[in-house]
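Everything on this sheet refers to the single structure shown next.
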Amino acid sequence: MRVLHIVTRSDSGGAQCMIATLAALQSQSGHVVAVASGLEGAGLAWYSLPASIEKIPVRHLKRNIAPWNDLLALSEIYHICMSWKPDIVHIHTSKAAALTRIAINPNRYPIIYTMHGYDQLKVANQQLLFIDKMLSPRTSAIVAVSNYDLRRMRTDGYHPKLIVNGVKDPSSRKSDASELTLALQLLEDLRRRESPTGLMIARPASPKRPELVREAARQLKDLCNIVWIGGNAQADDPSSFYALGPIPDAGRLIPFCDFVLLPSDHEGLPMTLLECLAAGKPFIASNVGGIPELLKDVDFPIGPGVAVENTAEDFASAIRGIAHDIELCKAMGARGKKLWEKYYTAEIMAAEYDTLYKLHKQTGRE
């Protein structure tokens, strides 16, 4: 099967991480796979993709609405589909999803649309929400990544299918990025100091709220170290707060920290937290979107993490509660690992998408 993924940006966000994970497994199982994306992000998300996956630039595809660029992007997407001839077009993120469904005939190319956090559209991109709803009939299947999103999408008139995100064990992935090597050296140095280290992987842009953790670090003083992948240092950062900027394949760092931090205004089902489960590490995250679903499995009496309100004080309090409790961190991490094995492996996700692809390749749109 020929599978074409289309996404707006190529930086290292959650949607891009999911695409890279899914595309790699699809290629391994014999599908011919390509990823088409805009230039914003400079291809950072595709750094570790195997050479068998074609990377196609969509030069005028940009996140912000810009009529001239959008018209040119429509033409680019149309010509990519006409020349590449996919069996399935899998669209991700609202801007790429809108332009693709306008550009191509859904009766010719089955279109699967994964919404990576419905609130990103409903709350943060309201100008696209009306357009997205209007284009729903031009979609073969719409996928929600969490039960939270599933309920909200149904309330708004969508008819989604639930396929939760899945990840590989971060320790099984390889990367030779120089930035990753330097970050690993820092984490190893911090570990030798025998001071707990929290890791935050988050872009310095909405919906992420890294400033909450930065302020929490100020309140905590030297209680623990916090390493931030995604943003840059500030002159008044505390000595225990390390901002390393964006790094490709940053999930590889998770096995080398003690706990993971994710502050955000809204989420679907964050890939970073799933990688945290897979690595057997506890997390502290905002109590939003699909995140609480990771804490509700009745088979696991100890949760794999803590969900808190979006204040620096709440993050600081939660960090104090687990940072120096080694046995609690081990127990939470072990529960997370079992939860990942049961529900959130990359193979489970890929198998469900493969079933969905086959259905729509054979029968066309529902």
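Quick note on my numbering: the sequence shown kicks off at 806 and runs consecutively. Ideal Cβ positions, reconstructed from N, Cα and C, are used throughout, including at glycine.
Beta-bridge pairing of residue i - partner residues as DSSP gives them
| i | result |
| --- | --- |
| Leu1067 | Ala1090 |
| Pro862 | Ser842 |
| Ala946 | Ile917 |
| Leu967 | Ala949 |
| Met887 | None, per the DSSP bridge assignment. |
| Asn1030 | Thr1002 |
| Lys1013 | Ser1069 |
| Tyr1047 | Val1032 |
| Arg807 | Val837 |
| Gly1110 | Phe1088 |
| Val928 | According to DSSP, which records beta bridges pairwise, Val928 is partnered with nothing at all. |
| Ala1127 | Residue identity check: residue 1127 is Ile in the sequence provided, not Ala. Looking at the DSSP assignment, Ile1127 forms no beta bridge with any residue, so it has no partner. |
| Val763 | Any answer about residue 763 is impossible in this case: the structure gives the chain only from 806 up to 1171. |
| Thr1150 | Val972 |
Chain-order list of residues whose beta-carbon lies under 6 Å from that of residue i (same chain, five-residue window excluded)
| i | result |
| --- | --- |
| Gly1138 | Gly1085, Lys1086 and Pro1087 |
| Thr919 | His897 and Val948 |
| Glu1171 | Note that Glu1171 has pLDDT 44, beneath the 50 cutoff, so the model's placement of it is unreliable and no number is given. |
| Thr944 | Ile916 and Tyr918 |
| Arg807 | Val837, Pro891 and Asp892 |
Nearest residue (CA-CA) to residue i, options the options
| i | options | result |
| --- | --- | --- |
| Ile1096 | Ala871, Ala839, Ala902 and Tyr953 | Tyr953 |
| Ala1123 | Ile861, Leu987, His1129 and Val1111 | Val1111 |
| Asn1115 | Ser1069, Arg1125 and Leu940 | Ser1069 |
| Ala858 | Ala839, Asp924 and Ala871 | Per the sequence presented here, residue 858 reads as Ile, with Ala not at that position. Measuring from the Cα of Ile858, the nearest candidate turns out to be Ala839. |
| Ser817 | Thr1150, His1165 and Ser853 | Ser853 |
| Ile1107 | Asn1092, Lys1135 and Asp961 | Lys1135 |
| Gly1173 | Pro975, Asp1027, Glu1080 and Ala1010 | Here the chain covers residues 806 to 1171 and nothing more, so residue 1173 does not appear. |
| Pro904 | Gly1036, Ala871 and Val928 | The amino acid at residue 904 is misidentified as Pro; the sequence shows Leu. When only C-alpha atoms are compared, the closest one is Ala871. |
| Pro855 | Glu1016, Ala1117, Gln831 and Arg1140 | Gln831 |
| Tyr1047 | Leu926, Gln932 and Leu991 | Leu991 |
| Lys1026 | Asp1159, Arg1140 and Arg1125 | Arg1125 |
| His1071 | Pro1012, Pro942 and Pro911 | Pro1012 |
Same chain, Cβ closer than 7 Å to residue i, neighbours up to 5 away in sequence not counted
| i | result |
| --- | --- |
| His921 | Gly819, Ala820, Met823, His897, Thr898, Val950 and Gly1073 |
| His865 | Asn874, Leu877, Ala878 and Glu881 |
| Leu995 | Thr1002 and Asn1030 |
| Tyr914 | Cys886, Pro891 and Val894 |
| Asn930 | Ser899 |
| Val972 | Thr826, Met1076, Leu1079, Glu1080, Ala1083, Tyr1149 and Ala1151 |
Close-in-space but distant-in-sequence residues of the same chain around residue i (CB under 8 Å, 5 per side omitted)
| i | result |
| --- | --- |
| Glu1157 | Ile968 |
| Leu985 | Ile1052, Pro1053, Asp1054, Ala1055, Arg1057 and Leu1058 |
| Glu1098 | Ser951, Asn952, Tyr953 and Leu1074 |
| Leu1144 | Leu1082, Leu1099, Asp1102, Phe1105 and Pro1109 |
| Glu993 | Phe1061 |
| Asp1042 | Arg1019, Ala1022 and Ala1048 |
Cβ-Cβ separation, residue j to residue i (assumed contact under 8 Å), whole Å
| i | j | result |
| --- | --- | --- |
| Leu827 | Met1154 | 7 Å |
| Phe1120 | Ala1021 | 4 Å |
| His895 | Ile917 | 5 Å |
| Leu809 | Cys886 | 7 Å |
| Lys900 | Thr813 | 4 Å |
| His1165 | Ile909 | So it is not a contact: roughly 14 Å between Cβ atoms. |
| Gly848 | Ser815 | 5 Å |
| Val1093 | Leu1078 | The Cβ separation is near 12 Å, so there is no contact. |
Assess contact between the segment 931-945 and the segment 1056-1070, defined as three or more Cβ pairs (one per stretch) separated by less than 8 Å. Is contact present?
No: the two stretches stay apart, fewer than three of their Cβ pairs being nearer than 8 Å.
Between the segment 851-870 and the segment 831-843, are three or more C-beta pairs nearer than 8 Å?
Enough Cβ pairs lie closer than 8 Å, so yes.
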